[in-house]
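Participant:
Residue numbers (our numbering), protein chains in the order written: chain E, 97 to 316; chain R, 46 to 152.
(1) Who are the near neighbours of residue 106 of chain E in its chain, counting only those whose CB is closer than 8 Å to its CB and skipping five residues on each side?
(2) Around the C-beta of residue 299 of chain E, are 16 or more other C-beta atoms found within 10 angstroms, so that it is buried, or is it exposed?
(3) Just to confirm the assignment, what range does the alpha helix (DSSP H) spanning residue 106 of chain R have?
(4) What number of angstroms, rounded off, separates the C-alpha of residue 104 of chain R from the C-alpha of residue 98 of chain R?
(5) Of all Cβ atoms in chain E, is any one closer than 8 Å to the Cβ of residue 49 of chain R?
(6) Which of the residues in the segment 92–124 of chain R, read from start to end, lie with their CB under 7 Å from any CB of chain E?
(7) Give me the Cβ distance between residue 47 of chain R and residue 214 of chain E, rounded to the nearest whole Å; I'm assuming they're in contact under 8 Å.
(8) Quick one: which chain R residues come within Cβ less than 9 Å of residue 137 of chain E?
(9) Could you tell me which of E:115, E:227, E:141 sits nearest to residue 245 of chain E, measuring between CA atoms?
(10) Alpha carbons only, please: which of E:185, E:220, E:251, E:165 is nearest the one belonging to residue 230 of chain E?
(11) If we cut at 8 Å on Cβ distances, does residue 136 of chain R have a partner in chain E?
(12) Straight-line CA distance for residue 160 of chain E to residue 139 of chain R?
(13) At which residues does the alpha helix (DSSP H) containing residue 189 of chain E begin and terminate?
Structure, rendered in structure tokens:
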């Protein structure tokens, strides 16, 4: 039994009872928050897992195209053709609030809308493998950005779930039992005081009566 | 405010990303990588930083500083040397952290 270090007074008792109600209400709310976060988190993780598998396969594809391209072109020529990009990707970050966890949402735009701007080189002296590589990389970009958004959200949510879980557990197993024990301790102490003062009064009454009517003298 | 995307890793793996409009930062050593990562993250110009798996696993200390922030998102991607499953392992570590045990990836 863990009792807090408090004075057993009526005022303290009222205060503790109020705190216990608050703790119980807080516990219920945090528990709901944890459950809802967990549900959303698990859905998100499943989605992220599938997306990551897809993106990794596509990226591996791109990489093999690049390896092929570098096999047929000299390193200098390959580097030179990719050296001055025409395209630029911009990201707008919005913040979304999910159960008080702030997660990012990335919206992306490109500097030019022309889709052929992804080729920063002329086609005359480059391998077709390089074209394939760049095109496939461009196709995977939306998924790649989505993946970043999902993974960051997973990261932030997992931290929040851990925190909430700790709070719920500490309320459930430490704070609430401690309040309950202390309240019990104080009320028992008060009752005990009550009884002891009552017996004292009865004793005093007996003594007074004894003095007034001189019971003990008569018997003697 | 519009921000950009950065890609960090060995030059072989990342040079293609420059064509489609991402900023690339080739690096050779892990020390280089952590220094560049810190500069990129602190400059506040990039909302996503992709890092190739090999470097991602070796700059944990730098990465951990940005874990709680919304941006930049530091995300591992496979490089030319092949896939080491860093991303999946990372996801499963999130599940483990949140749930207490890995209930999604252990099948």
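We put the beta carbon where it would ideally sit given N, CA and C, even for glycine.
Facilitator: In this structure, then:
(1) The beta carbon of residue 106 of chain E lies closer than 8 Å to those of 286 in the same chain, with the five residues before and after it left out.
(2) Residue 299 of chain E is exposed by the Cβ-count criterion.
(3) Where residue 106 of chain R is concerned, the enclosing alpha helix (DSSP H) stretches over 105–109.
(4) Residue 104 of chain R and residue 98 of chain R have their C-alpha atoms spaced approximately 10 Å apart.
(5) So, interface residue.
(6) Contact annotation: in the segment 92–124 of chain R, residues whose CB is within less than 7 Å of a CB in chain E are 92, 93, 112, 113, 115, 116, 118, 120, 122, 123.
(7) Their Cβ separation, rounded to whole angstroms, is 19 Å, which puts residue 47 of chain R and residue 214 of chain E out of contact at 8 Å.
(8) What residue 137 of chain E touches in chain R: 139, 140, 143, 144.
(9) Ranked by how close their Cα comes to the Cα of residue 245 of chain E, the residues E:115, E:227, E:141 have E:141 in first place.
(10) Of E:185, E:220, E:251, E:165, the residue nearest in Cα terms is E:165.
(11) For residue 136 of chain R, a Cβ of chain E is located within less than 8 Å of the residue's own Cβ.
(12) If you draw a straight line from the Cα of residue 160 of chain E to the Cα of residue 139 of chain R, it is about 30 Å long.
(13) Counting along the chain, no alpha helix (DSSP H) covers residue 189 of chain E; the unbroken beta strand (DSSP E) around it starts and ends at 185–194.
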